[in-house]
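Residue numbers (this note's numbering): 2 to 193.
Structure representation (structure tokens):
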């Protein structure tokens, strides 16, 4: 089956429509099939131009053998069988893998911002995110001084919070609350 999500019965109907010699009858049955396929997959209605998608699926199911007057040009079989280009992966070195590349980009953004409240807020948010990431990968407790030291190294010394009176969020604020166990009220009662 070309598209198993439509099922064997749709495949059989399409195979039957391909064998019909009268083109007008083939067109009528193709429109009926599109209606059935649309009803079977209502999630396709959320996709823009879902009718086009259904006509493409009909062509694929018929292995491009269905000769009908489609309102849309059918996709090319060669294009569908073409393998995608390999995804180029970045070979950039990440200095602190537990913080990630995005955090390094945040630090670079903070360095390039002009002095002011917005920059200070970004630095504080970045430092709190560093603490959260550190705790996620290293279950040990972490001090604010260690985060400030790492932030200074990541920024090449341009952001230095060591010795400041800034306090980051507590480690317990980053850990999800565990729901307490519900008590069974009847557990220790004696039945008479």
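Positions of the beta carbon are idealized from the N, C-alpha and C atoms, including for glycine.
In chain order, 45, 46, 51, 52 and 55 place their CB closer than 8 Å to the CB of residue 39, counting only its own chain and leaving out the 5 sequence neighbours on each side.
In the DSSP assignment, residue 37 falls within the unbroken alpha helix (DSSP H) covering 24-41. Of the residues assessed, residue 114 falls on the exposed side of the cut-off, its CB having fewer than 16 other CB atoms within 10 angstroms. DSSP places residue 114 in the coil class of the three-state scheme, outside both helix and strand. In this structure, the alpha-carbon of residue 9 lies about 7 Å from that of residue 2. Per the C-alpha coordinates, the member of 65, 96 and 69 positioned closest to residue 22 is 69.
Burial of residue 160 is indicated by the presence of at least 16 other C-beta atoms within 10 angstroms of its C-beta. Apart from sequence neighbours up to five positions away, the residues of its chain that approach residue 100 with a beta-carbon distance below 7 Å are 131 and 134, ordered along the chain.
Comparing C-alpha distances from residue 153 to each of 105, 32 and 60 shows the shortest one belongs to 105. Residues of the same chain with a CB within less than 7 Å of the CB of residue 66, apart from the 5 flanking positions on each side, are 19 in chain order. 60 is the residue among 149, 81, 141 and 60 whose C-alpha sits nearest the C-alpha of residue 73. Secondary structure at residue 121: helix, using DSSP grouped into helix, strand and coil. Your pair residue 148 and residue 128 checks out as a contact, with CB atoms roughly 6 Å apart and the cut at 8 Å.
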